[in-house]
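In my numbering, the protein residues as written are 16 to 538.
Written out as structure tokens, the structure is:
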């Protein structure tokens, strides 16, 4: 078997694992605020209701006249069930082209997981001639995913298990002068990934075995085998290797990639209060504000290990002639270090908040994510004999639109609901990997805030994500075409507790019951 062919095979296997785990608006997590969940995150850059504004728009911290500690938990229940619709070998010009790939549907690839976030904010200066100054700290998980399919499923050569996690620590400062606020935060982020998939060694062996079979007449003749016996000897050799599993799908190995990295970015934002509560004589039109924020891109270099299991020897018991290089796979498919450059997208939010008739508020939001940064991902291996290679992901930018409503029922009770439409960055079914079978999503949410004490808020929320049935026509690096359709959906249940203290004025619940109370609370 030619060494260059083996090197190309191992390169394709590894790159088809590592970057695909991070393809996913897809795998961007908005679940960083329970109050935001209730309105489908429609007003992230303008609501500025509690310390979680630090993540969506750090400028909103300057509106908080008290210290806050908030901790939230989000239980995410995704579902992705695949239905095979003719998955096959996509290998034009070979005798295997069009043959079906054998395997089940993989069960439910979605994995339930719990994520959390924590925020602390503290006003430093209030009502000075230079404005108000607030500092804060947030710990969040801005990106992540996990999928897990059964070992024998039809898409095993594209994905078995995928797990990507990020942790982001963001110290933040915000300044407010009259109606205008600005804020900035430093993002220190750790990303880690662990991914597995199957390797079709039965298919990978076909090229070297074909060369071996073609050379057998000369080999047998040189050994003195009579010409009349050569065809039967070749047939017996072929039969022995076929019986040993050297056919497409007959011998599966497993490869696993794990890696992690730290990266640094930033978040900036601005908030303009075009109308304050109690301002003017119009009792219907209450406080209103617009917000803009930008979260920078992150450049990670994930460094870790590539491990290969169940790598077979190219041998067959009882074969009249044995393949001359039985350890050819082991010469390339061995444990080694690997690294991948991963460029996470930058994100922009534009939001508006407008309160009406004391009791109601309408919130709107448009979010742009520059997923087009994920195009080519270079992979470098520790072994100098394994050449670096590049995977084409081919993502496109995506927009998210949201609208939310709040009803301030009484002094200590607020109800919320919201709807959002989230575009997928996946261009077509040919680029839809089973690691994250994403598609356009419709986000329907509801939530409630209860303030049992003047210094405590309790938020709960629920959201259901309707996902357009994702179609798959994805061909992996070995030529297995995964053809079918997913039935996908997501449920999210969240809860948080906020504790407040101090402040330049008496601490009151987040939602005063009328505009005069709001005006006395937030000048």
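Think of the CB as a built atom: it goes at the ideal place given N, C-alpha and C, for glycine as much as any other residue.
Would DSSP call residue i helix, strand or coil?
i: residue 67; result: coil
i: residue 245; result: helix
i: residue 231; result: helix
i: residue 175; result: coil
i: residue 39; result: Low confidence applies here, because residue 39 scores a pLDDT of 33, under 50, leaving its location unreliable and the question unanswered by this model.
i: residue 446; result: helix
i: residue 417; result: strand
i: residue 110; result: coil
i: residue 481; result: strand
i: residue 115; result: strand
i: residue 75; result: helix
i: residue 550; result: Here the chain has residues from 16 to 538 only, and residue 550 is not among them.
i: residue 252; result: helix
i: residue 11; result: The structure shown does not extend to residue 11, since the chain is modelled only from 16 to 538, so the question has no answer here.
i: residue 328; result: coil
i: residue 226; result: helix
i: residue 426; result: coil
i: residue 61; result: coil
i: residue 236; result: helix
i: residue 258; result: helix
i: residue 348; result: coil
i: residue 138; result: strand
i: residue 506; result: strand
i: residue 468; result: strand
i: residue 314; result: strand
Can you have a look at residue i and say buried or exposed, based on whether 16 or more other CB atoms are within 10 angstroms of its CB?
i: residue 139; result: exposed
i: residue 279; result: exposed
i: residue 450; result: buried
i: residue 137; result: buried
i: residue 511; result: buried
i: residue 81; result: buried
i: residue 481; result: exposed
i: residue 74; result: buried
i: residue 45; result: buried
i: residue 468; result: exposed
i: residue 251; result: exposed
i: residue 101; result: exposed
i: residue 238; result: exposed
i: residue 443; result: exposed
i: residue 129; result: exposed
Start and end of the alpha helix (DSSP H) containing residue i?
i: residue 49; result: 49-52
Can you name the residues that DSSP bridges to residue i?
i: residue 265; result: According to DSSP, which records beta bridges pairwise, residue 265 is partnered with nothing at all.
i: residue 217; result: None; residue 217 has no bridge partner.
i: residue 182; result: 205
i: residue 515; result: 83
i: residue 439; result: In DSSP, residue 439 forms no bridge with anything.
i: residue 461; result: 432 and 477
i: residue 166; result: Partner(s): none; residue 166 has no beta bridge.
i: residue 381; result: 365 and 416
i: residue 501; result: 97
i: residue 190; result: 148 and 197
i: residue 132; result: 87
I'd like to know whether the C-beta of residue i is nearer than 9 Å to at least one C-beta of chain D.
i: residue 154; result: This model lacks chain D altogether; it includes just one protein chain.
May I ask which residues mark the beginning and end of the beta strand (DSSP E) holding residue i?
i: residue 493; result: Per DSSP, residue 493 belongs to no beta strand (DSSP E) and is neither H nor E.
i: residue 161; result: 159-163
i: residue 356; result: 351-359
i: residue 126; result: It is not in any beta strand (DSSP E) - residue 126 carries neither H nor E in the DSSP assignment.
i: residue 336; result: Residue 336 -> no beta strand (DSSP E), and no H or E assigned at all.
i: residue 309; result: 300-310
i: residue 147; result: 146-155
Note to self: Counting beta carbon pairs with one atom in the stretch 473-480 and one in the stretch 451-460, are three or more of them shorter than 8 Å?
What the structure shows: Yes, since at least three Cβ pairs between the stretch 451-460 and the stretch 473-480 fall closer than 8 Å, the two stretches touch.
Check: Taking three-plus beta-carbon pairs below 8 Å as touching, is the stretch 171-183 in contact with the stretch 201-217?
Finding: Yes, they touch.
Next item on the list: Could you say if the stretch 306-323 and the stretch 261-279 meet the contact criterion of at least three C-beta pairs nearer than 8 Å?
Entry: In short, these stretches touch, since the Cβ pair count reaches three.
Item checked: Given 8 Å, three or more beta-carbon pairs between the stretch 302-313 and the stretch 232-251 -> As far as the Cβ criterion goes, the stretch 302-313 does not touch the stretch 232-251, which means the pair count is below three.
Notebook entry, point to check: Do three or more CB pairs link the stretch 329-336 to the stretch 292-307 at distances below 8 Å?
Noted result: Flag = no, the stretch 329-336 and the stretch 292-307 do not touch.
Notebook entry, point to check: For the 8 Å Cβ check, are there 3 or more pairs between the stretch 386-400 and the stretch 419-433?
Noted result: No, the stretch 386-400 does not touch the stretch 419-433.
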